[in-house]
Every structure is written in structure tokens, then in C-alpha cells.
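Numbering (the numbering used here), first residue to last: 5 to 540.
Worksheet for the structure shown next.
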Ligand code: TEU
């Protein structure tokens with residue numbers, strides 16, 4: 005496989021509204037990101053993925069854009085954004101922007117015009133359909149609502165939205181829409197950004213004829229439809245290929261086979277992707293299943309495409325809570341998960357706060373939660389007559405707010421995140437878990453991440469090495485090798501709360517990194533993670 009900078013990169017995701025607030029309004033801001041760039045540089049990350057900071061009514065935390073060419077007030081202004089880009093580059097890092105082009109806000113001028121009358125020239129910028137027997141055009145649901153269709157009284161038609169009512173889907177069949185989007189992409193690329201994370205990019209093409217589905221709850225009919233690759237190849241031809249950038253597509257419902265169509269080298273579409281076989285489909289840890297997913301994706305993309313490795317982001321509960329042990333073994337477990345993500349084949353992502361082992365949260369009432377997905381689902385279920393307490397409890401473990409609480413910088417008020425009132429409450433455990441503490445403890449999760457990231461920079465085997473699982477269907481231990489040009493590494497992970505014996509195949513080995521101080525060989529301690537270099 006060709007070597008490229010983005011295959012070797014470690015990406016750090018900055019959810020800016022919860023990162024660092026410098027003006028006391030309770031929202032993190034771009035100035036706040038600038039002030040923490042030295043922290044990120046020190047950690048060793050190469051690329052920063054910045055969540056959407058464009059002008060927006062902010063109903064879905066920036067994923068409802070009303071102006072692609074300007075910056076949301078809460079985040080700052082264009083001048084500050086430009087300063088951010090400059091400061092990122094000055095430190096030898098790169099910046100990728102979140103591109104949301106499946107939908108806009110209903111406050112975007114395009115939608116305001118489109119919904120103004122049936123014969124407005126921009127009517128066709130969105131997807132409008134006549135009612136069928138006084139009902140929505142089909143039985144599709146949306147991610148955040150029971151129906152993907154909302155009726156517009158004024159013009160007597162329904163418009164489609166894959167997410168909230170306030171997030172109408174653009175009509176990608178319309179060439180003018182596509183050209184507008186490409187123009188906007190060039191605007192940002194010409195400012196010098198280093199790529200895009202492309203929000204639900206496989207949803208752009210809709211099923212022809214908008215037929216009813218047998219499985220409305222499944223949502224898969226929303227994605228990977230015929231025509232999607234034409235759009236992405238066109239986007240590549242018209243925009244992407246002219247720049248030395250990184251593109252990562254958010255691609256729900258994708259199999260490795262289909263994945264290769266998006267990221268196969270030579271396909272001229274995207275560089276890498278997020279698939280959701282873990283984050284969406286594996287609610288809690290399942291070792292055998294996880295190994296199966298990894299092997300299948302490895303084989304599927306082998307030598308032809310690059311995967312991405314992550315267990316959490318701003319939509320998914322923090323990994324040490326969801327997939328590890330955030331109690332007694334929080335630190336060991338956070339380090340184990342990190343070891344895994346950074347040594348499996350694919351680009352590793354660090355979601356802010358993960359590097360200090362931040363955990364999920366439990367607030368007492370639905371009022372404390374801000375997430376539109378959770379709030380809408382709560383309302384939907386309660387309206388069916390279900391017990392609100394039961395619904396609340398059901399929604400807690402996977403609420404997106406688990407990972408959206410403010411970053412813990414110190415044990416000061418509001419975790420040092422803001423001098424005002426944060427837009428969402430701080431996780432009460434910030435007194436114990438925070439950056440200040442982590443920096444003062446040489447055994448902290450933070451320093452472990454730093455070592456892992458450094459290791460990747462020094463050893464191409466972590467990036468380009470072949471992968472082989474040697475632990476089969478062992479339900480606790482995950483062990484695999486990575487090999488490149490005569491160099492062979494062995495990673496051993498004991499993903500459980502007990503000690504466990506696992507025969508490590510080679511005697512002749514050097515321990516490169518471990519989350520325990522010493523090595524007990526075949527006896528693995530709770531959540532022990534080890535990286536060996538093997539000598540033959
Ligand atoms: O997410 C898509 C989405 O619906 C995720 O919540 C889902 O869990 C999964 O990751 C894909 O199946 C993106 C953004 O990340 C999210 O924050 C937005 O709310 C959403 O798109 C709409 O733009």
C-alpha cells in the first residue's frame with residue numbers, strides 16, 4: 005500500500021462547545037481551542053477534527069447549518085477561525101472540518117426560499133412529495149423522529165428529513181445543489197484546511213421511487229443507495245482531488261464489501277471511513293464479536309483501503325464506561341482500550357477527554373439532558389403512554405450527552421472549563437479525573453496515550469503491518485500480531501476484571517509498552533495490555 009501522511013496520522017476530535025470556554029458564555033469556543041493547542045501538540049496528535057462551527061440555530065449542536073460561509077457566534081468569528089488554522093499549522097498539525105451536506109437547517113436561506121412556494125426556482129433544492137391519501141409519502145422514519153416527512157401547510161407537500169424536522173435533506177439529484185456544495189467546499193479548502201470529516205455521507209442518494217420499507221425502525225434504507233458513488237466520484241473530480249487532504253466519511257450501515265467502494269484506492273472517492281458495526285450495533289463489550297468485526301474488515305479492505313479505529317465520539321458514550329470498566333479498573337481499562345485502538349489496522353481517533361479516561365455521566369432528570377436525539381426519543385416513547393421513569397432509564401446508557409459534558413481541565417469550579425454556567429452540566433467526577441491531575445502523575449492515562457502516539461510515529465509496523473488474530477474465540481483475551489518487513493509485534497489484551505492465563509507464543513520478546521509496571525508473562529492481570537516486539 006502506498007504510504008501517505010493521513011494513514012500515519014493520529015486524529016484528535018475537538019467537540020469545541022465542550023472543550024474550553026474563554027468568554028464565559030458557557031460554551032467552548034475557537035479561542036479556547038487555540039489556547040489548548042500546545043496541550044494537543046504535547047500529546048502528539050497530528051490532525052484535529054473540529055465539529056461543525058458554522059452559523060446555525062444549533063438545534064443539533066451545529067449539524068443544522070444555516071450559513072456554510074460563516075462561523076457560529078458561540079464559537080467565535082471568521083478571524084478567530086483563521087487564527088486557529090494558522091496556529092494549528094504553525095505547530096505542524098493539521099485541521100479537518102466537519103462537512104454536513106446531507107441536510108441543512110430549515111433556517112438556511114435555501115430552505116426558506118424552497119418552502120416559500122411550489123414554483124420557486126429553489127423548490128427542487130430539497131425533497132418535496134405530495135401526500136398519499138392524506139398521509140406521508142411513505143413509512144420511513146428518521147433518526148430523530150417517528151417519520152422522515154414533515155407536512156408543510158403553506159404549500160401542501162411533505163419534505164424529507166433523515167434527522168430532525170429542522171434538518172431538511174438536500175436534493176442531491178439537483179445539479180445546482182451539487183455545484184453549490186462543491187463551491188462551498190472549495191471555499192474552505194482554499195483557506196488551507198487539510199480535509200473533511202463527511203457527516204452521514206452515504207445518505208446523499210435516496211432510494212428511487214421512495215418505496216415503503218418492511219423495516220421502518222432499521223433505517224438502513226436511508227443509506228448506500230444507487231447513485232451515491234456517482235456523487236462521491238463527482239465530488240472527488242470537481243473538488244477533492246485538487247488538494248492534498250484527508251477525507252473520512254461517516255458511513256452507517258456499511259459492510260466491508262461496500263466500504264471498499266467508498267475508500268478503495270483507485271476508486272477516487274474517499275480516503276477512509278467510520279463504519280458503525282461497533283458503535284451503533286454492539287451496545288456493550290462482546291469480545292468474540294469484536295474480533296470477528298476486526299478480522300472481517302481487515303480482510304475486506306486489505307491492501308486496498310484504510311479503516312478508521314474508534315470506540316467513541318460525540319454521538320457515543322465514552323468508551324471506558326461503555327466498553328471498559330470505569331470503576332475499580334478505570335485507568336487500566338482506559339489504557340487497554342487505547343492500546344487496542346492504536347495498534348489495530350486503521351487510523352486511530354482520540355475523542356477529547358478520552359486521553360484522561362473521562363467517563364459517561366448520569367444526571368437525575370431529562371431536563372439536565374440537551375441531546376435532541378435523546379429528548380425526542382423520550383417524548384416519542386412517553387407519548388405512547390409508557391412510564392417516563394422507565395423510558396428515562398432506558399435512554400441513559402446510550403445518551404449522546406454521555407460524551408458531551410465539558411472537558412475536565414482541573415479540579416477548579418466547572419472543571420476549569422468555564423467561568424460561567426456551562427451549557428451542559430459538568431460530570432461531578434472532575435475532582436478526581438482532570439488534566440491537571442493527569443499531568444502530575446507519571447502513570448496517568450494521559451502519559452500512556454502520549455507513549456502510544458509516539459510509538460506510532462517511530463514504528464511503521466503499527467500503521468502498515470499485516471494483522472493476524474492469534475486468540476481465536478477466547479472470550480477475554482485479544483491477542484494479535486502486526487508484521488512488516490521482518491518486524492513482528494504482538495499485542496496482548498486481557499479485557500476482563502480477573503487475572504487470566506494466556507499462553508504467549510514466543511519466549512523471545514521485548515516488552516515495548518504495558519499498562520502494568522512489570523511483566524508476569526502468561527499470567528495476565530485485570531485489564532492488562534502489553535505490546536511486545538518479537539525476535540525470531
Ligand atoms: O451522526 C449520524 C448519526 O445519526 C449517529 O448518531 C449514529 O449514531 C451513527 O453514528 C450513524 O449511524 C451525525 C453526527 O455525528 C451527529 O452528531 C448528527 O446529529 C447527525 O449526523 C446529523 O447531522
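C-beta: ideal position from N, C-alpha, C; glycine also.
If I measure Cβ to Cβ from residue 41 and keep anything under 7 Å in the same chain, skipping five residues before and after, which residues do I get?
Mapped onto the chain shown, residue 41 falls at position 37. For residue 41, where only same-chain residues beyond five positions count, the Cβ hits under 7 Å are 91, 92 and 95.
Should residue 334 be labelled buried (16 or more other beta-carbon atoms within 10 Å of its own) or exposed?
Here residue 334 corresponds to residue number 330 of the chain shown, with the count starting at 1. Its Cβ being crowded by 16 or more others within 10 Å, residue 334 is buried.
Are the beta-carbon atoms of residue 539 and residue 503 separated by less than 8 Å?
Along the chain shown, one-based indexing puts residue 539 at 535. Along the chain shown, one-based indexing puts residue 503 at 499. If you check the CB distance, residue 539 and residue 503 do not come in under 8 Å.
Given a cut-off of 8 Å, decide if residue 305 and residue 4 are closer than it, judged by their beta-carbon atoms.
Residue numbering for the chain in the displayed model covers 5 to 540; residue 4 lies beyond these limits and cannot be assessed.
Candidates 11, 157 and 70: which alpha carbon is nearest residue 174's?
Residue numbering aside, residue 174 sits at position 170 when the chain shown is read from its first letter. When each option's Cα is compared against that of residue 174, the closest is 70.
Are the CB atoms of residue 106 and residue 208 nearer to each other than 8 Å?
Here the question's residue 106 lines up with position 102 in the chain shown. Here the question's residue 208 lines up with position 204 in the chain shown. Closer than 8 Å, so yes.
What's the gap between the Cα of residue 332 and the Cα of residue 189?
Your numbering for residue 332 matches position 328 in the chain shown. Your numbering for residue 189 matches position 185 in the chain shown. Going from the Cα of residue 332 to the Cα of residue 189 covers about 47 Å.
Based on Cα-Cα distance, which residue from 150, 528, 84 and 158 lies nearest to residue 116?
Mapped onto the chain shown, residue 116 falls at position 112. Taking only the C-alpha atoms, the option nearest residue 116 is 158.
By Cβ distance below 7 Å, which residues in the same chain neighbour residue 464 in space, the five residues on each side in sequence not counted?
The residue given as residue 464 occupies position 460 in the chain shown. Around residue 464: 488.
Proximal residues to residue 140 (C-beta, below 6 Å), its chain only, five neighbours per side dropped:
Residue numbering aside, residue 140 sits at position 136 when the chain shown is read from its first letter. Within the same chain, residue 140 has close Cβ partners 151, 153 and 162.
Terminal residues of the beta strand (DSSP E) in which residue 488 lies:
Mapped onto the chain shown, residue 488 falls at position 484. Segment 481-488, the beta strand (DSSP E) holding residue 488.
Spell out a yes or no on whether the stretch 356-366 and the stretch 404-411 are touching, meaning 3 or more CB-CB pairs, one atom from each, closer than 8 Å.
Yes, since at least three Cβ pairs between the stretch 356-366 and the stretch 404-411 fall closer than 8 Å, the two stretches touch.
Could you tell me the alpha carbon to alpha carbon distance between residue 357 and residue 412, rounded to whole angstroms?
Sequence index remark: in the chain shown, residue 357 carries index 353 (1-based). Sequence index remark: in the chain shown, residue 412 carries index 408 (1-based). Going from the Cα of residue 357 to the Cα of residue 412 covers about 7 Å.
Going by other Cβ atoms of all chains shown within 10 Å of its Cβ, with 16 needed for buried, is residue 337 buried or exposed?
For this step, residue 337 is matched to residue 333 along the chain shown. Around the beta carbon of residue 337, 16 or more other beta carbons lie within 10 angstroms, which makes this residue buried.
Is residue 319 near the ligand TEU, judged by its Cβ being under 7 Å from some heavy atom?
On the chain shown, residue 319 is found 315 positions in, with the first residue counted as 1. At least one heavy atom of the ligand TEU is nearer than 7 Å to the Cβ of residue 319, so yes.
In chain order, what are the residue ranges of uninterrupted alpha helix (DSSP H) at least 4 long that sit wholly in the stretch 78-165?
82-94 and 113-118
Give the C-beta separation of residue 215 and residue 142 to the nearest angstrom, bearing in mind that I take them to be a contact with Cβ-Cβ under 8 Å.
Position 211 of the chain shown, counted from the start, is the residue given in the question as residue 215. Position 138 of the chain shown, counted from the start, is the residue given in the question as residue 142. Sure, about 7 Å apart at Cβ, within 8 Å.
What is the C-beta distance between residue 482 and residue 295, in whole angstroms, given that I count them as a contact (C-beta under 8 Å)?
By one-based count along the chain shown, residue 482 stands at place 478. By one-based count along the chain shown, residue 295 stands at place 291. That belief holds up - the Cβ atoms of residue 482 and residue 295 are roughly 6 Å apart, short of 8 Å.
Close beta carbons around residue 450, own chain, < 8 Å, minus the five adjacent residues each side
The residue given as residue 450 occupies position 446 in the chain shown. Cβ within range, chain order: 47, 359, 360, 439, 442 and 443.
According to DSSP, simplified to helix, strand and coil, what is residue 440?
Start at 1 with the first residue of the chain shown, and residue 440 comes out as number 436. Residue 440 falls in the helix class under three-state DSSP.
Here's a check: name, in chain order, each residue in its chain whose Cβ is nearer than 6 Å to the Cβ of residue 309, leaving out the five neighbours to either side.
To locate residue 309, count along the chain shown from 1; it is residue 305. Excluding positions up to five away in sequence, the list reads 264, 267 and 268.
Closest by C-alpha distance to residue 232, when choosing among 253, 82, 17 and 221:
Residue numbering aside, residue 232 sits at position 228 when the chain shown is read from its first letter. Taking only the C-alpha atoms, the option nearest residue 232 is 253.
Identify the continuous alpha helix (DSSP H) that holds residue 326 and give its terminal residues.
In the chain shown, counting from the first residue as 1, residue 326 sits at position 322. First-last of the alpha helix (DSSP H) with residue 326: 323-326.
Between which two residues does the alpha helix (DSSP H) holding residue 36 run?
For this step, residue 36 is matched to residue 32 along the chain shown. Note, residue 36: alpha helix (DSSP H), 34-39.
Are at least three pairs of beta-carbons, each pair with one atom in the stretch 5-12 and one in the stretch 454-472, less than 8 Å apart?
yes
Grab me the residues of residue 84's own chain with a C-beta within less than 8 Å of its C-beta, minus the 5 sequence neighbours each way, in chain order.
As a working mapping, residue 84 is identified with position 80 in the chain shown. The residues are 33, 34, 35, 38 and 75.
Neighbour-count burial assignment, residue 394, 16 or more Cβ in a 10 Å radius
Working through the chain shown from its first residue, we reach residue 394 at position 390. Flag for residue 394 reads exposed.
In this structure, what does DSSP give as the bridge partners for residue 533?
Numbered from its first residue, the chain shown carries residue 533 at position 529. Its beta-bridge partners are 497.
Look at the Cβ atom of residue 65, then the Cβ atom of residue 421, and state whether they are nearer than 8 Å.
Your numbering for residue 65 matches position 61 in the chain shown. Your numbering for residue 421 matches position 417 in the chain shown. Not in contact: residue 65 and residue 421 (Cβ atoms no closer than 8 Å).
Residue 542 versus residue 134 - alpha carbon distance
For the chain, the structure presents residues 5 to 540; residue 542 sits outside this window and is missing.
For residue 146, which of 325, 223 and 534 has the nearest alpha-carbon?
Translated into the one-based positions of the chain shown, residue 146 becomes position 142. Closest option to residue 146, Cα to Cα, is 223.
Where do the ends of the beta strand (DSSP E) carrying residue 73 lie?
Mapped onto the chain shown, residue 73 falls at position 69. Taken as a continuous stretch (DSSP letters only), the beta strand (DSSP E) holding residue 73 covers 71-75.
Per DSSP, residue 59 forms a beta bridge with which residues?
In the chain shown, counting from the first residue as 1, residue 59 sits at position 55. 71.
On a CA-only basis, which of 102, 339, 303 and 19 is nearest residue 455? Give me that one, please.
Looking up residue 455 in the chain shown gives position 451. Considering only alpha carbons, the answer is 339.
Helix, strand or coil for residue 176? Go by DSSP, reduced to three states.
Working through the chain shown from its first residue, we reach residue 176 at position 172. Of the three classes helix, strand and coil, the one that applies to residue 176 here is coil, per DSSP.
So, using beta-carbon positions, are residue 109 and residue 60 closer together than 8 Å?
By one-based count along the chain shown, residue 109 stands at place 105. By one-based count along the chain shown, residue 60 stands at place 56. For residue 109 and residue 60, yes; Cβs fall inside 8 Å.
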